[in-house]
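Peer 1: Handing you a structure now.
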Amino acid sequence: MSERLFWQDPYATRFEATVTRAWEEGGRFLVELDRTLFYPTSGGQPHDTGTLGGVRVLDVFEPEKHGARIVHVLEAPLEEGARVEGEIDWSRRYRHMQRHTGQHILSQAFLRAAQWNTIAVSLAGPEIHIDFDVWPGPEAAGEVLEQAEALANWAVYANLAVSAREVPEAQVPLLPLRRMPKVRGAVRVVEIEDWDLAPCGGTHLRSTAEAGPIKLLGFEKGKKKTIRVYARSGWEALEDYAAKHRTLKTLAARFSSGVFDVPERVKKLE
Ligand SMILES: [Zn+2]
């Protein structure tokens with residue numbers, strides 16, 4: 107059982123811990139710690155990387171779904187009982203926090219814009235994928251996406267506080283949760299003030315302002331009557347903007363035109 111330091115302070119990057127178990131499996135060096143800042147892949151959010159006792163951490167996972175154990179996969183072995191210092195790769199983790207918080211903001215934005223319910227998410231990145239329980243057709247979908255994007259960015263500019271707490275099982279039915287938890291027992295809930303309340307075990311930002319900008323990139327029809335929406339949040343939205351801007355500027359230079367004249371110039375070539 108590992109104490110989950112990433113829940114206590116998602117902004118912490120360094121910690122000390124004791125190796126409670128160390129073993130080798132299929133040529134991989136594995137350890138468990140008494141406490142850890144390394145987030146294991148779960149709930150759609152990818153694992154952290156970094157170093158432990160100077161050794162690179164390649165993967166972090168939970169051997170049992172919703173279990174208490176966290177296993178770290180290392181590049182080299184560490185000794186059982188050793189006291190080690192750990193450091194997570196902050197730029198990687200921060201992107202995960204932007205994606206994840208961006209997803210919570212968006213899930214609520216779609217609920218408010220058109221009563222679309224989130225049924226699945228992927229935060230593998232750099233894009234956020236959100237699956238909703240409706241297929242409204244391409245035209246209506248386009249309109250909803252526009253409204254939801256505006257709502258989501260208003261939530262960003264409103265600089266709303268984000269916090270997490272554990273709620274006893276008996277109180278869970280009393281909460282206005284966006285969706286019901288998948289686990290029994292006490293539930294960790296993530297609240298965006300005046301915006302959203304959802305059960306979640308991930309790491310999040312302290313304010314919605316840090317998740318901006320939020321950009322929707324497109325959608326496609328999913329299986330049965332569902333829709334999958336593609337988005338980017340934070341740095342990854344900015345990078346997308348920068349790359350597309352660069353591409354468009356290059357194209358415009360080739361035509362000796364302004365960027366907004368490019369479609370017209372291309373049309374003339376066809
Ligand atoms: Zn979350």
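At position 119 of the sequence shown (counting the first as 1) the number is 225 in this note's numbering, and the numbers step up by one without a gap. Heads up, the beta-carbon is just placed ideally off N, CA and C, and yes, glycines get one too. In this text the structure is predicted, and so the values were computed from the model without any measurement.
1. Taking 8 angstroms as the cut-off, is the beta-carbon of G248 closer than that to any non-hydrogen atom of ligand 1?
2. Between the Cα of E193 and the Cα atoms of R141, Y347 and L217, which residue gives the shortest distance?
3. Classify H210: buried if its beta carbon has 16 or more other beta carbons within 10 angstroms, exposed otherwise.
4. With distances taken between CB atoms, is the gap from S213 to D302 smaller than 9 angstroms?
5. If we count Cβ pairs, one from each stretch, closer than 8 angstroms, do we get three or more for the segment 322-339 versus the segment 292-310?
6. Do V163 and ligand 1 come close, with the Cβ less than 8 angstroms from some heavy atom?
7. Using a threshold of 8 angstroms, is the CB atom of Q209 nearer than that to any non-hydrogen atom of ligand 1?
8. Mind checking who D237 pairs with in its DSSP beta bridge?
9. Comparing C-alpha positions only, which one of V289, R312, A292 and K288 sits nearest to E299?
10. Sorted by chain position, which residues of the same chain lie with C-beta nearer than 6 angstroms to R189's C-beta, five sequence neighbours on each side aside?
11. Just to confirm, does V166 get its C-beta within under 8 angstroms of one of the non-hydrogen atoms of ligand 1?
12. With respect to the beta strand (DSSP E) encompassing V179, which residues constitute its N-terminal and C-terminal limits?
13. Go through its chain and collect everything with a Cβ distance to E297's Cβ below 6 angstroms, but skip five positions before and after it.
14. DSSP three-state call for V344: helix, strand or coil?
15. Nearest-angstrom Cα distance between V250 and D237?
16. Hey, quick one: how far does the alpha helix (DSSP H) through P369 stretch, first residue to last?
Peer 2: This is what the structure holds:
1. As a working mapping, residue 248 is identified with position 142 in the sequence shown. Checking the Cβ of G248 against ligand 1 gives no.
2. Indexing the sequence shown from 1 puts residue 193 at position 87. It is R141.
3. Sequence index remark: in the sequence shown, residue 210 carries index 104 (1-based). The residue is buried, with at least 16 neighbouring Cβ atoms inside 10 Å.
4. Start at 1 with the first residue of the sequence shown, and residue 213 comes out as number 107. Start at 1 with the first residue of the sequence shown, and residue 302 comes out as number 196. Contact flag set, yes.
5. no
6. The residue given as residue 163 occupies position 57 in the sequence shown. No, ligand 1 has no heavy atom inside 8 angstroms of this Cβ.
7. For this step, residue 209 is matched to residue 103 along the sequence shown. Checking the Cβ of Q209 against ligand 1 gives yes.
8. Looking up residue 237 in the sequence shown gives position 131. D237 is bridged to A226 and R334.
9. Position 193 of the sequence shown holds residue 299. When each option's Cα is compared against that of E299, the closest is R312.
10. Sequence index remark: in the sequence shown, residue 189 carries index 83 (1-based). T124, listed in sequence order.
11. Position 60 of the sequence shown, counted from the first residue, corresponds to residue 166. Checking the Cβ of V166 against ligand 1 gives no.
12. Along the sequence shown, one-based indexing puts residue 179 at 73. Its beta strand (DSSP E) spans residues V177 to L180.
13. For this step, residue 297 is matched to residue 191 along the sequence shown. Hits under 6 angstroms: S269 and L303.
14. Within the sequence shown, the letter at position 238 stands for residue 344. Here residue 344 turns out to be Leu, not Val, going by the sequence shown. Helix at L344.
15. By 1-based counting over the sequence shown, the position of residue 250 is 144. By 1-based counting over the sequence shown, the position of residue 237 is 131. Taking the straight line joining both Cα atoms gives about 14 angstroms.
16. The sequence position of residue 369 within the sequence shown is 263, counting from 1. Unbroken alpha helix (DSSP H) run through P369: V368 to L375.
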